[in-house]
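Residue numbers (my numbering): -18 to 680.
For glycine and all other residues, C-beta sits at the position ideal for the given N, C-alpha and C.
Here's the structure we're looking at; comments come further down.
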Amino acid sequence: SDHMENICGYLMKYTNLVTGWQYRFFVLNNDAGLLEYFVNEQSRHLKPRGTLQLAGAVISPSDEDSHTFTVNAASGEQYKLRATDAKERQHWVSRLQICTQHHTEAIGKNNPPLKSRSFSLASQGSANSPGVQRRPSQNAVSFFNVGHHRLPTGKRVPIMQPDHLVDVREMMSQAEGQQRDLIRSIECLPVSGHLTSLDQDLLMLKATSMATMNCLNDCFHILQLQHASQQKGSLPAGTTISWLEPKISLANHFKNGAAQNFPAEINKPASVREEQSIAEPCQLTREPEEINPDEELEDICDDKEDDLGAVEEQRSVILHLLSQLKLGMDLTRVVLPTFILEKRSLLEMYADFMSHPDLFIAITNGTTPEERMIRFVEYYLTSFHEGRKGAIAKKPYNPIIGETFHCSWRMPKSDVATDAGSNFSAHSPSEQVTLSKDLEGQTELDYYTVKFVAEQVSHHPPVSGFYAECVERKMCVNAHVWTKSKFLGMSIGVTMVGEGLLSLLEHGEEYTFSLPCAYARSILTVPWVELGGKVNINCAKTGYSASINFHTKPFYGGKLHRVTGEVKQNTTNTVVCRVQGEWNSMLEFTYSNGETKYVDLTKLSVTRKRVRPLEKQGPFESRRLWQHVTESLRDGDIDKATEHKRALEERQRNEERLRAETETPWCTKYFLKEGDGWVYHNPLWKTVSAAQTQQTDTN
């Protein structure tokens, strides 16, 4: 009883996808078993902004950090809260758990457990009964009359035998059928009245039921693993059980909703009319444009994505969208709500892979093939963290076909790592002759220039090409990426299909590499990003290769954002370097000579890219193309941003339809199709090869 005191204080609250972290004043009412919150302490005498019944709730400290915890009510509502430090979190968690246990036991004494489990809609809840009514006090959970089995207290659960697993599988099959009936019953409800098919509680049931069934299937698989381990002995220490791919076929559970019809806007802003009236891209000049780096200015834009900044009314939008998706559905053609967008294009996000140009240029300064491969791996692993503009997962704009993005970086030569005895930062007199007058002028400067260009070369499938080069160091990278996104229940997975090629022309070496998959997790609460999958880096000439694993967080145990890898000499099968750590915080490199190197990504200096001012950009360059959407998002005007975004998408669809009718192929500007890939039209290897040929003819 000493611990059953009422406590109060400020916590940060984040309850769903469309509400950011905000300080709220919380009060734990032990007598009533309630957790209440107010806007601030001064408004405590007013009606609470929100209330959770703690009876039957689950209080869970988060493993993401030492400050966050969740309160999951029996009704399905969740509060995600953050204390100022670990001590304060423990104080709140322990008091909440004591209060929860007290009121849960009190209800258990007054309400004996149900003997059966049933999911049933009231008889009047059919499509033939439009007059369905719901009492004001009746929420969606009580409406569906969900009961639970309860295990006898004090009894140990026996180890499941194979026939018991068969029984579990049969029960799960019954649950799948009941879930299908549940979804059909919700969809048969009228669209108006006190209880409709768009009721927020019912939308939440539709959106989460699919993930729940998938989670049950994962748990069943764990039981099978445990049974198998009991037959062969215990699982080894440290064993983790990973999340599994969906195994339950739910293809016929849901019907895809038709595209939302919006009323025609009569009075559209001039900027929207401008977006819709831009000429067909193929009718504009499609000749490659040489961007002068001297016209580019250091980027002052700093759009950090700290919160989702949308209003509570948007909650039903995301729930309705999720309720229409199927497991494994390709999201390429799904139009997502504007309020979850980052304020930049995907093409610009690719440019952020080059935010450490000093590490990129230093690759070619390695004195041996082994050192150059290790340097490339170091650069590769440090290139991902800057691509995230905040802890919350948000989606960059889908580039429209023909969209381009240009930028560059200037890196002082003194800041690029070199090796003793090597003089790769200077060109010999014969090499100077092979360069154009333009490039000769650049070699006299005290900085290196890395130029970057990206282009959306295909709409369906969505394929982007990007290319970067440092002429002074005779190195360039060319890549093409096809982003395939799928709905996985409570997360979204994006597969990066494609390949990159790094060319070190001074050494005649080419390194092929791939990209990991990305996942947006917890899309109904606080979405966050993790990388997953195995990538390979190979250099055929030197025989060195690297294998890197991005580990997704296991279902049981394990850490977030973990990465491991090794660099190997293929001929001798010798491992020359191992790496482990987290791709967004600390990396540890262990070399064959026993030395260890630590890289703290949070302290790595980021070189700002240089971009031309908007007035000098072409109409299909990313920032100018999306400028009205970006400005509206900065102003917090979601409706206006949606209007501008829709105008761009409508124009793209109209152009695509016109090309199909006239059988006109799309003309790319900077990239050419070669086999299954896309290659920059004038890569550095062609320029250097032509210059060397000219030098040979001169001699």
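Three-state secondary structure (DSSP) at Arg591?
-> On the sequence shown, residue 591 is found 610 positions in, with the first residue counted as 1. In the structure shown, Arg591 sits in a strand (DSSP, three-state: E or B).
Length of the line joining the Cα atoms of Leu186 and Asn(-13) = As a working mapping, residue 186 is identified with position 205 in the sequence shown. As a working mapping, residue -13 is identified with position 6 in the sequence shown. Inter-residue distance for Leu186 and Asn(-13) is about 33 Å (C-alpha atoms, whole angstroms).
Status (buried if at least 16 other CB within 10 Å, exposed otherwise) for Val556 = Within the sequence shown, residue 556 is the residue found at index 575, counting from 1. With fewer than 16 Cβ atoms within 10 Å of its Cβ, Val556 is classed as exposed.
Where does Trp607 fall in DSSP's three states?
-> By 1-based counting over the sequence shown, the position of residue 607 is 626. In the structure shown, Trp607 sits in coil (DSSP, three-state: anything other than H, G, I, E or B).
Close-in-space but distant-in-sequence residues of the same chain around Leu614 (CB under 6 Å, 5 per side omitted) | Residue mapping note: residue 614 aligns to position 633 of the sequence shown, counting from 1. For Leu614, where only same-chain residues beyond five positions count, the Cβ hits under 6 Å are Lys324 and Ala622.
Quick one: grab the DSSP three-state call for Gln598.
-> Here residue 598 corresponds to residue number 617 of the sequence shown, with the count starting at 1. Residue state, collapsed to three classes: coil.
Pick out whichever of Leu568, Lys590 and Leu653 has its Cα sitting closest to the Cα of Leu582.
-> Position 601 of the sequence shown holds residue 582. Ranking Leu568, Lys590 and Leu653 by Cα distance to Leu582 puts Leu568 first.
From this set, His387, Ala398 and Leu469, which residue's C-alpha is nearest Gln437's C-alpha?
-> Counting from 1 along the sequence shown, the entry for residue 437 is found at position 456. If you compare the alpha carbons of His387, Ala398 and Leu469 with that of Gln437, the shortest gap goes to His387.
Whose C-beta lies closer than 6 Å to the C-beta of Val39 among residues of the same chain, with five residues either side of it excluded?
-> Here the question's residue 39 lines up with position 58 in the sequence shown. The residues are Asn53.
Going by other Cβ atoms of all chains shown within 10 Å of its Cβ, with 16 needed for buried, is Asn459 buried or exposed?
-> By 1-based counting over the sequence shown, the position of residue 459 is 478. Under this definition Asn459 is a buried residue.
Report the rounded CA-to-CA distance for Val353 versus Gln561, giving the unit in angstroms.
-> What you label residue 353 is simply residue 372 of the sequence shown in a count that begins at 1. What you label residue 561 is simply residue 580 of the sequence shown in a count that begins at 1. In the sequence on display, residue 353 carries Arg and not Val. Distance between the alpha carbons of Arg353 and Gln561: 19 Å.
Pull up the distance between the alpha-carbon of His625 and that of Ser603, whole angstroms please.
-> Sequence index remark: in the sequence shown, residue 625 carries index 644 (1-based). Sequence index remark: in the sequence shown, residue 603 carries index 622 (1-based). Rounded to the nearest angstrom, the two C-alpha atoms are 14 Å apart.
Just the C-alpha distance for Gly219 and Leu469, rounded to the nearest angstrom, thanks.
-> By one-based count along the sequence shown, residue 219 stands at place 238. By one-based count along the sequence shown, residue 469 stands at place 488. Any reading at Gly219 needs caution, since the residue's pLDDT is 45, under 50, leaving its predicted position unreliable; the model's value is listed next. Distance between the alpha carbons of Gly219 and Leu469: 27 Å.
Determine the direct distance from the alpha carbon of Thr493 to that of Phe447, and round the result to whole angstroms.
-> In the sequence shown, the residue the question calls residue 447 occupies position 466. In the sequence shown, the residue the question calls residue 493 occupies position 512. If you take the alpha carbons of Phe447 and Thr493, they lie about 15 Å apart.
Is Glu329 helix, strand or coil when you go by DSSP?
-> Taking the first residue of the sequence shown as 1, we reach residue 329 at position 348. In this structure, Glu329 counts as helix in the three-state DSSP scheme.
Could you check the C-alpha separation between Gly474 and Val510 for me, to the nearest Å?
-> Translated into the one-based positions of the sequence shown, residue 474 becomes position 493. Translated into the one-based positions of the sequence shown, residue 510 becomes position 529. Just so you know, the alpha carbons of Gly474 and Val510 end up roughly 10 Å apart.
Pick from Tyr651, Lys549 and His84: whose alpha carbon is nearest that of Ile355?
-> Translated into positions along the sequence shown, residue 355 becomes position 374. Restricting attention to Tyr651, Lys549 and His84, the CA atom closest to the CA of Ile355 is found in Lys549.
Would you mind listing the alpha helix (DSSP H) stretches within the segment 427 to 515 that are 4+ residues and don't spill past its ends, in chain order?
-> none
Delimiting residues of the beta strand (DSSP E) encompassing Lys549 = In the sequence shown, residue 549 corresponds to position 568, counting from 1. Segment Arg543 to Gln550, the beta strand (DSSP E) holding Lys549.
Closest residue to Ser611 among Cys282, Ala343, Glu480 and Ser472 (Cα-Cα distance) = Position 630 of the sequence shown, counted from the first residue, corresponds to residue 611. Correcting the residue identity first, residue 611 is Thr in this sequence and not Ser. Checked all of Cys282, Ala343, Glu480 and Ser472; the closest Cα to Thr611 is Cys282.
Nearest residue (CA-CA) to Ser178, options Arg165, Ser190 and Thr189 | Numbered from its first residue, the sequence shown carries residue 178 at position 197. Residue Arg165 is the option with its Cα nearest to Ser178.
Could you tell me whether any Cβ in chain D is nearer than 7 Å to the Cβ of Asp427?
-> In the structure shown, chain D does not exist; there is a single protein chain.
What residue from Leu496, Ser503 and Pro508 has the CA that sits closest to Ile518's CA?
-> Mapped onto the sequence shown, residue 518 falls at position 537. Out of Leu496, Ser503 and Pro508, Leu496 has the C-alpha closest to the C-alpha of Ile518.
Excluding the 5 residues preceding and the 5 following Ser107 in the sequence, name in chain order all residues of the same chain whose CB lies nearer than 7 Å to its CB.
-> By one-based count along the sequence shown, residue 107 stands at place 126. Note that Ser107 has pLDDT 37, beneath the 50 cutoff, so the model's placement of it is unreliable and no number is given.
Could you check where the alpha helix (DSSP H) with Asn635 kicks off and where it finishes?
-> Here the question's residue 635 lines up with position 654 in the sequence shown. Per DSSP, Asn635 belongs to the alpha helix (DSSP H) from Ile619 to Thr643.
Boundaries (first-last residue) of the beta strand (DSSP E) holding Val697 | Nothing can be reported for residue 697, as the shown portion of the chain is limited to -18 through 680.
Within 10 angstroms of its Cβ, does Ile203 collect 16 or more other Cβ (buried), or is it exposed?
-> As a working mapping, residue 203 is identified with position 222 in the sequence shown. Ile203 should be labelled exposed.
Where does Gly383 sit, in a helix, a strand or coil, going by DSSP?
-> Walking along the sequence shown from the start, residue 383 turns up at place 402. If DSSP states are grouped into helix, strand and coil, Gly383 belongs with coil.
Quick one: what's got a C-beta closer than 8 Å to Glu547's C-beta in the same chain, skipping five residues either side?
-> Numbered from 1 along the sequence shown, position 566 holds the residue referred to as residue 547. Sequence-distant partners of Glu547 (beyond 5 residues in either direction) whose C-beta falls short of 8 Å from its own C-beta, in its chain, are Ala527, Ser528, Val556, Cys558, Arg559 and Val560.
Just confirm the distance between the C-beta atoms of Asp427 and Pro393, as a whole number of angstroms; I'd bet it's less than 8 Å.
-> Here residue 427 refers to the residue found at position 446 when the sequence shown is read from its first residue. Here residue 393 refers to the residue found at position 412 when the sequence shown is read from its first residue. The distance from the Cβ of Asp427 to that of Pro393 is about 6 Å, consistent with a contact at the 8 Å cut-off.
Buried/exposed call for Thr430, threshold 16 Cβ in 10 Å | By one-based count along the sequence shown, residue 430 stands at place 449. Per the 10 Å Cβ criterion, buried.
Give a yes or no on whether the C-beta atoms belonging to Val592 and Glu384 are separated by under 7 Å.
-> To locate residue 592, count along the sequence shown from 1; it is residue 611. To locate residue 384, count along the sequence shown from 1; it is residue 403. Cβ atoms of Val592 and Glu384: not closer than 7 Å.
Inter-residue Cα distance where the pair is Lys515 and Gly656 = Translated into the one-based positions of the sequence shown, residue 515 becomes position 534. Translated into the one-based positions of the sequence shown, residue 656 becomes position 675. The straight-line gap from Cα to Cα measures roughly 24 Å.
Rounded to a whole number of angstroms, what is the C-alpha to C-alpha distance between Glu642 and Asp620?
-> Taking the first residue of the sequence shown as position 1, residue 642 is located at position 661. Taking the first residue of the sequence shown as position 1, residue 620 is located at position 639. When rounded, the distance between both Cα atoms is 33 Å.
Reducing DSSP to helix, strand and coil, say where Arg25 ends up.
-> Your numbering for residue 25 matches position 44 in the sequence shown. Here Arg25 sits in coil by DSSP.
Any idea what DSSP makes of Thr81, helix, strand or coil?
-> Position 100 of the sequence shown, counting from 1, holds the residue named residue 81. In the structure shown, Thr81 sits in a helix (DSSP, three-state: H, G or I).
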